[in-house]
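Visitor:
Protein chains: 2
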Amino acid sequence: MTDIFFRYTNRFVKFTEQDKDLLVSALTLTQVPAKTELVSYNQQTDALYFLLTGCIRKYFVKDGEQITTYIMTENGFIGAFDSIVMGIPSEEIIECLEPCTLLVLKKADLDRLYQQVPLMNEFIRKVLEGVLIQFKQTLSLFILDNPEERYIKLLSQNPEILQRVPQHMLATYLGITATSLSRIRKRILEKA
Amino acid sequence: MTDIFFRYTNRFVKFTEQDKDLLVSALTLTQVPAKTELVSYNQQTDALYFLLTGCIRKYFVKDGEQITTYIMTENGFIGAFDSIVMGIPSEEIIECLEPCTLLVLKKADLDRLYQQVPLMNEFIRKVLEGVLIQFKQTLSLFILDNPEERYIKLLSQNPEILQRVPQHMLATYLGITATSLSRIRKRILEKA
DNA sequence: ACAAAACGTTTACAAAAGACAAGAAAGATC
DNA sequence: GATCTTTCTTGTCTTTTGTAAACGTTTTGT
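Residue numbers (my numbering), protein chains in the order written: chain E, 5 to 196; chain U, 5 to 196.
#1: Check E/L101 in the structure and name its three-state DSSP category.
#2: Whose CA, out of U/T32, U/G68, U/E102 and U/I71, lies closest to the CA of U/L114?
#3: Compile a chain-ordered list of the residues in the segment 157-185 of chain U whose CB is closer than 9 Å to at least one CB of chain E.
#4: Distance check for U/E102 and E/I88, CA to CA, integer angstroms please.
#5: I'd like to know whether the C-beta atoms of E/F139 and U/F146 end up nearer to each other than 8 Å.
#6: With contact counted as at least three CB pairs below 8 Å, one residue from each stretch, are the segment 175-193 of chain U and the segment 150-166 of chain U in contact?
#7: E/N125 versus chain U: which residues are under 8 Å apart at the beta carbon?
#8: Under the DSSP definition of a beta bridge, which residues are partnered with E/M76?
#9: Could you tell me the alpha carbon to alpha carbon distance between U/S160 and U/L166, rounded to whole angstroms?
#10: Ends of the alpha helix (DSSP H) at E/E152?
#11: Skipping 5 residues on each side, what residues in its chain have a beta carbon closer than 7 Å to that of U/I137?
#12: Quick one: list the residues of chain U neighbouring E/F137, beta-carbon separation under 8 Å, in chain order.
#13: Which residues in chain E sit within 8 Å of U/T49, going by Cβ to Cβ distance?
#14: By how many angstroms is the C-alpha of U/K190 removed from the C-alpha of E/M124?
#15: Could you pull the start and end residues of the beta strand (DSSP E) that U/E41 belongs to?
#16: Is there a Cβ of chain U sitting closer than 8 Å to that of E/E133, yes or no?
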């Protein structure tokens with residue numbers, strides 16, 4: 005099961021077998037049902053997750069409404085980074101939208117790995133580089149494109165999540181209301 | 005002049021004097037006039053910059069219009085990260101809005117430092133963690149808040165750049181037009 | 001100091017998005 | 001399979017934003 009994880013790490017650094025053993029001993033495999041909250045409101049987390057299968061979102065509650073800020077579906081790390089790094093409670097909730105298979109990495113174990121495995125800093129650095137580029141692209145999308153263009157790009161780049169995530173969550177993720185997304189979809193259909 | 009830089013690094017890791025010597029030998033101090041383009045359109049860059057004094061923005065050109073996506077004013081790294089990391093030409097232009105004092109770090113030198121200075125990976129990892137958290141906050145701002153709220157937050161969190169950056173650049177940075185920002189400012193003035 | 005360019009605001013109109021409410025459709029639960 | 005909940009769509013109205021153009025002011029360059 006950690007095969008998938010090491011296929012991922014391999015894109016960044018080549019861990020030795022010994023490194024991998026240390027990593028495996030720090031990772032815990034978990035399966036959780038849909039609607040599980042990995043991080044709850046105001047919770048201070050001490051764990052990072054690697055999503056093997058399933059679908060997860062992050063959301064805020066603003067004026068009683070849930071505003072989705074992130075959706076992910078495949079191999080990748082997820083966690084309340086600000087809470088972990090800065091040691092503060094998380095304002096964001098991390099919720100599984102489907103049954104999920106996860107690897108859990110506690111912050112204490114990660115910190116230990118930074119000491120034991122020299123490649124670990126390089127690995128996480130490269131992961132962060134990738135995440136950063138992705139975030140930058142998403143942010144540019146908001147600055148450059150209007151909601152309709154954003155929806156069309158999401159449609160072309162990630163048609164899969166449109167099937168797996170309720171539309172009202174996608175709407176807030178695009179920075180608009182569910183009503184507005186429904187109308188945008190109608191507009192697009194009428195054009196085509 | 006590198007004092008300021010090491011005051012910054014010190015927030016993340018404690019480089020030895022030997023480390024610092026290696027770093028200093030890799031860094032080049034430059035002063036450039038306003039309007040200098042550190043990275044031009046479609047240019048493949050091989051350098052990272054640390055801004056000591058001055059003000060810099062990143063922008064895209066879309067439909068003939070300049071859309072500002074990032075503004076920074078003080079100690080921090082800036083560069084076309086995607087271009088450097090992925091080795092592709094940059095679609096974003098990086099421009100100095102004021103005369104700037106910069107430290108230049110070539111990618112080749114950075115890669116060498118990763119070999120020579122073990123702390124370097126940790127340092128950049130921690131820098132990236134910080135940058136990532138900042139990006140996440142900015143992105144949340146776009147998803148959670150409307151343009152007026154975004155302007156008010158910018159006003160409260162970074163009143164300084166309102167003085168240093170033309171309004172039409174701030175407008176696109178907030179994801180709106182200059183006309184709209186002018187209206188928002190008027191609305192706020194009338195309320196108060 | 002002068003001319004040119006850049007900047008900020010305003011206006012009128014069109015397009016889009018939000019708020020609110022009512023229904024239809026789809027899914028979950030038992 | 002009937003019920004209940006969630007999700008999606010639609011309608012009406014209001015607010016906000018975009019577009020385009022005009023105008024005065026400020027800044028810049030020489």
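Note that CB positions come from ideal geometry on N, CA and C, so glycine has one too.
Guide: Reading it off the structure:
#1: Reduced to three states, the DSSP call for E/L101 is coil.
#2: For the residues U/T32, U/G68, U/E102 and U/I71, the minimum Cα distance to U/L114 belongs to U/T32.
#3: Listed in sequence order: T176, Y177, L178 and G179.
#4: Roughly 36 Å separates the two Cα atoms.
#5: For E/F139 and U/F146, no; Cβs fall outside 8 Å.
#6: The segment 175-193 of chain U makes contact with the segment 150-166 of chain U; the number of CB pairs closer than 8 Å reaches 3 or more.
#7: The answer, in chain order, is N125, E126 and R129.
#8: E/I60.
#9: Approximately 10 Å between the Cα atoms of the pair.
#10: Element bounds for E/E152: P151 to Q161.
#11: Beyond the five residues adjoining it in sequence on each side, U/I137 comes within less than 7 Å, by CB distance, of no other residue in the same chain.
#12: Phe is not the amino acid found at residue 137 of chain E; the sequence shown has Ile there. Those within 8 Å of E/I137 in chain U are F85, D86, V89 and M90.
#13: Under a criterion of Cβ atoms nearer than 8 Å, no residue of chain E is adjacent to U/T49; the nearest Cβ is some 14 Å distant.
#14: Here the alpha carbons of U/K190 and E/M124 stand approximately 52 Å from one another.
#15: E41 to V43 is the extent of the beta strand (DSSP E) around U/E41.
#16: Among the CB atoms of chain U, one or more fall inside 8 Å of the CB of E/E133.
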